[in-house]
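Take a look at the structure set out below.
2 protein chains.
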Amino acid sequence: MPKQENTKQKIVEAAIDLIAEQGYKGASVRKIARAVGIRESAIYNHYENKEAILKSIIGQIFETPFEMKEIEEKAKRGKPFLREFIVAYKLVAFDKKKEKLFRVLINELFQNRALRESFLQEFHQKDIKRLSQAFFVMMQEGLIRSDDPMFMAQEFLAPLFYFRLQLSLTKIDKQSTTALSTIFERHVDFFWESVKIG
Amino acid sequence: MPKQENTKQKIVEAAIDLIAEQGYKGASVRKIARAVGIRESAIYNHYENKEAILKSIIGQIFETPFEMKEIEEKAKRGKPFLREFIVAYKLVAFDKKKEKLFRVLINELFQNRALRESFLQEFHQKDIKRLSQAFFVMMQEGLIRSDDPMFMAQEFLAPLFYFRLQLSLTKIDKQSTTALSTIFERHVDFFWESVKIG
DNA sequence: GTCTATAGCACGATAGAC
DNA sequence: GTCTATCGTGCTATAGAC
């Protein structure tokens, strides 16, 4: 890997750290350069301007963290599918890098239209679609009660987002996250109890 | 009301508008003064500094929007209690001023420790406590299945927050909110179906 | 690809006249 | 209580030497 790419990556990593902590406006080119160990002007050899760095970061936020194959097949098992989903979700929520990107997301959600649209489309719709497919299968199999699969997917997903936010907020102040460590599994249990048949 | 208080209020209103739109760092004293129709220096006759304005706004975010009296009595009716709760919640979510304050909250959640703590304690805990009380009564009355009332309250509340965020994001880009207008009521229906007995 | 130097502007805040 | 004027700082970005 050439030296250029190394510095470019260092810049974006430093920017993620700073934007997660202080927001886009607080993450000045000066501070980013200082964190990387170069001068401000050198930044512009790698990115056209400050906004280009943000764009590159936004791209990373919505990189699919995990693929789920054979949804229809796995969904037939019912609750184990949800457990598997939650394991993947937790992996993302507790991942250090992904957590930083989550903070960037929240920080800039109301400032950046492209971010908003990606959030509503990628972040939200993609999971909703996948889950509603699974719930549809479960309904057909008679595992869960009949309802609108899309809405059921929303109901399953929405608390996860909230718990993830709580986790992030708790972590930033270095408070104990033990109360939150099992909350994702409890959610699956509660939800399954809510929709299962028999 | 003296003229002083009038200007002071204008300042904080302008600040809310600007912070909701551009964040705390984007809402410069210059811009606030311009919106009020005075010079920057005049701001400092009403607030010690910029941060003092923010503090005053943060106080407003957590002013209790609605009291709920006779929780225990109302909870005995079961679903109608949840409906009443959701009506109050919707009133807040769709209120213009409260929606601006919600944006301020999200914008500065990771930047301001006092805001974070108030969010976790006031915003979250207060509703949780109230709801878990109600669910406890409903369990005693045999209206809903037995479970941890606190967790059930979380499960009821978490989607509301997510839907409120979705609503705010949709409104900011002036997209249609019709799909979201009934989502709160649907949530109550879904939830009640999930926990009711018989 | 990094440096020094600098342009040009916006920021928060203060001093002092009225 | 508001004004004009100003200070010192930090900001994004560019020019040009090495």
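Sequence lines, in order, name chains A and B.
Position 69 of the first sequence, counted from 1, bears residue number 68 in numbering that gives the first Met the number 0, the numbering being contiguous throughout.
Position 50 of the second sequence, counted from 1, bears residue number 49 in numbering that gives the first Met the number 0, the numbering being contiguous throughout.
Ideal Cβ positions, reconstructed from N, Cα and C, are used throughout, including at glycine.
Short CB-CB distance (under 8 Å) between residue i and chain B
i, result
"Val35(A)", "no"
"Ala157(A)", "yes"
Contact list for residue i against chain A, beta-carbon separation under 8 Å
i, result
"Lys24(B)", "Gly22, Lys24, Gly25"
Closer than 8 Å at the beta carbon, the chain B residues around residue i
i, result
"Arg115(A)", "Leu168, Ile171, Asp172"
Contact set between residue i and chain A, taken where Cβ atoms lie within less than 7 Å
i, result
"Leu119(B)", "Leu168"
Minimum Cβ-Cβ distance from residue i to chain A less than 8 Å
i, result
"Met0(B)", "Since pLDDT at Met0(B) reaches only 46, below the 50 mark, its modelled position is unreliable, and the value read off the structure follows with that caveat. No, because no Cβ of chain A sits closer than 8 Å to the Cβ of Met0(B)."
"His84(B)", "The residue asked about is misnamed: residue 84(B) is Phe in this sequence, not His. No, its Cβ sits nowhere closer than 8 Å to a Cβ of chain A."
"Tyr161(B)", "yes"
Checklist line | Residues in the segment 186–197 of chain B having any Cβ partner in chain A nearer than 9 Å | finding: Flagged, chain order: His186, Phe189, Phe190, Glu192, Ser193, Val194.
Check: When you check each C-beta in the segment 94–113 of chain B against every C-beta of chain A, which residues fall closer than 7 Å?
Finding: Residues Arg102, Ile105, Asn106, Leu108, Phe109, Gln110, Arg112.
Note to self: Beta carbons nearer than 9 Å to chain B: which residues of the segment 140–154 of chain A have them?
What the structure shows: Answer in chain order: Arg144, Asp146, Asp147, Phe150, Met151, Gln153, Glu154.
Next item on the list: Starting from the N-terminal side, write out each stretch of the alpha helix (DSSP H) that is 4 residues or longer and does not extend beyond the segment 81–127 of chain A.
Entry: Runs of the alpha helix (DSSP H) inside the segment 81–127 of chain A: 95–107, 112–117.
Note to self: Closer than 9 Å between beta carbons: that is the criterion. Which residues of the segment 122–139 of chain B meet it against chain A?
What the structure shows: His123: these are the residues of the segment 122–139 of chain B whose beta carbon lies less than 9 Å from some beta carbon of chain A, given in chain order.
Check: Between the segment 67–77 of chain B and the segment 152–169 of chain B, are three or more C-beta pairs nearer than 8 Å?
Finding: With a cut-off of 8 Å on Cβ pairs, the segment 67–77 of chain B is not in contact with the segment 152–169 of chain B, counting fewer than three such pairs.
Next item on the list: Check whether the segment 106–121 of chain B touches the segment 173–180 of chain B, counting contact only when three or more Cβ pairs, one atom from each stretch, lie closer than 8 Å.
Entry: The way I'd put it, the segment 106–121 of chain B doesn't touch the segment 173–180 of chain B; fewer than three beta-carbon pairs between them come closer than 8 Å.
Notebook entry, point to check: For the 8 Å Cβ check, are there 3 or more pairs between the segment 15–25 of chain A and the segment 97–106 of chain A?
Noted result: Output reads yes: the segment 97–106 of chain A touches the segment 15–25 of chain A.
Notebook entry, point to check: Would you call the segment 81–98 of chain A and the segment 56–72 of chain A in contact, with 3 or more CB pairs under 8 Å?
Noted result: Contact between the segment 81–98 of chain A and the segment 56–72 of chain A is present, because at least three Cβ pairs lie under 8 Å.
Note to self: Within 8 Å, do at least three Cβ pairs link the segment 185–196 of chain B to the segment 150–163 of chain A?
What the structure shows: With the cut-off at 8 Å, the segment 150–163 of chain A and the segment 185–196 of chain B touch.
Margin query: Under 8 Å: do the segment 138–152 of chain A and the segment 126–140 of chain B share three or more Cβ pairs, one atom per stretch?
Written below: Using a Cβ-Cβ distance cut-off of 8 Å, the segment 138–152 of chain A and the segment 126–140 of chain B are not in contact, since fewer than three pairs of beta carbons, one from each stretch, lie closer than that value.
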